[in-house]
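Report on the structure given below.
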Amino acid sequence: MGQDRPRTRIQEKNRATILDAALEVFSQHGFRGATLDQIARAAGLSKPNVLYYFPSKEAIHATLVDGLIHDWIEPLRALGPEGDPVEEILAYVRRKLEMSRTMPRESRLFANEIVQGAPRLGPEITGAFKVLVDEKAAMIRGWEEAGRLAPLDPYHLIFSIWATTQHYADFDVQVRSILEPKGDVHFAEAEAFLTALYRAALTPPGPATG
Numbered sequence: 004m005g006q007d008r009p010r011t012r013i014q015e016k017n018r019a020t021i022l023d024a025a026l027e028v029f030s031q032h033g034f035r036g037a038t039l040d041q042i043a044r045a046a047g048l049s050k051p052n053v054l055y056y057f058p059s060k061e062a063i064h065a066t067l068v069d070g071l072i073h074d075w076i077e078p079l080r081a082l083g084p085e086g087d088p089v090e091e092i093l094a095y096v097r098r099k100l101e102m103s104r105t106m107p108r109e110s111r112l113f114a115n116e117i118v119q120g121a122p123r124l125g126p127e128i129t130g131a132f133k134v135l136v137d138e139k140a141a142m143i144r145g146w147e148e149a150g151r152l153a154p155l156d157p158y159h160l161i162f163s164i165w166a167t168t169q170h171y172a173d174f175d176v177q178v179r180s181i182l183e184p185k186g187d188v189h190f191a192e193a194e195a196f197l198t199a200l201y202r203a204a205l206t207p208p209g210p211a212t213g
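Add 3 to a position in the sequence shown, counting from 1, and you land on the number used in my numbering.
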């Protein structure tokens, strides 16, 4: 679709419908398993209509992925030096868990992209995203050296937070099959568990008593 003229309201609506349908299809089937026919059916549009807005499956996927890295960076960017270190990191854990609750399809899309070798996100991950992770790891290490956090490898701490929070989105079927929760109650339970887990791991040891 040409971009010489501003999109009409109907065009914007159809474009958003296609992207939402594609997010569902890609999050379920991955890039390789998804087809334009599946996306068109999910959107309730004809395949030619989908191709009017996006020239290919690759173009739809690229549009979704391009918007994804910003969402993934923001919770980590909010980890700041002003507050109590333990509480700052616990707030990051809660933000990541909330993303898994409210954005499970986006989380699975991100996971699929990484599993496939990050063909589209690679430059972002090795560029701005890595710079941000390095910056936050250095901040965490500074807290540790000041005795404000227990000594932990900051990179593996960040990796563990990703793993323990994104699991609830990426493996949602597994979690729900085992827990059989009513609604999203398991997210509140997960938050309580992860808060206790990371608080215990992060709290610096008190002074030795003789």
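Where a beta carbon is used, it is the ideal one built from N, C-alpha and C, also for glycine.
Contact check for Arg144 against Pro88 fails: the beta carbons are separated by 8 Å or more.
Comparing alpha-carbon positions, the option among Leu155, Leu79, Ala204 and Ala37 lying closest to Val134 turns out to be Leu79.
For Pro51, the enclosing alpha helix (DSSP H) begins and ends at Lys50 to Tyr56. The C-beta separation of Tyr171 from Val96 comes to about 12 Å, leaving the pair out of contact by the 8 Å criterion. With a beta-carbon spacing of about 6 Å, His64 and Phe29 fall inside the 8 Å limit used to define contacts.
Minimum Cα-Cα distance from Ala43 among the listed residues Gln177, Ala62, Thr20 and Ser163 corresponds to Thr20. Around the beta carbon of Leu124, 16 or more other beta carbons lie within 10 angstroms, which makes this residue buried. Look at the beta carbons and you see the stretch 155-174 touching the stretch 104-122: at least three pairs across the two are nearer than 8 Å. DSSP, read as helix, strand or coil, puts Leu82 in coil.
About 6 Å separates the CB atoms of Ile92 and Leu205; that is less than 8 Å, so the two are in contact. Cβ atoms of Ala140 and Tyr158 come within 8 Å of each other, at about 5 Å.
Relative to the Cα of Pro208, the nearest Cα in the group Ala153, His32 and Phe190 belongs to Ala153. Taking all protein chains shown into account, His189 has 16 or more neighbouring C-beta atoms within 10 Å of its C-beta and is therefore buried. Selection Thr38, Glu183 and Glu138 evaluated against Ile76 yields Glu138 as nearest (Cα-Cα).
In the structure shown, Gln119 adopts coil according to DSSP, grouped into three states. CA-to-CA, the gap between Val136 and Trp146 works out to about 15 Å. Sequence-distant partners of Pro122 (beyond 5 residues in either direction) whose C-beta falls short of 8 Å from its own C-beta, in its chain, are Glu116.
Note that the C-beta distance between Tyr56 and Arg104 is not below 8 Å.
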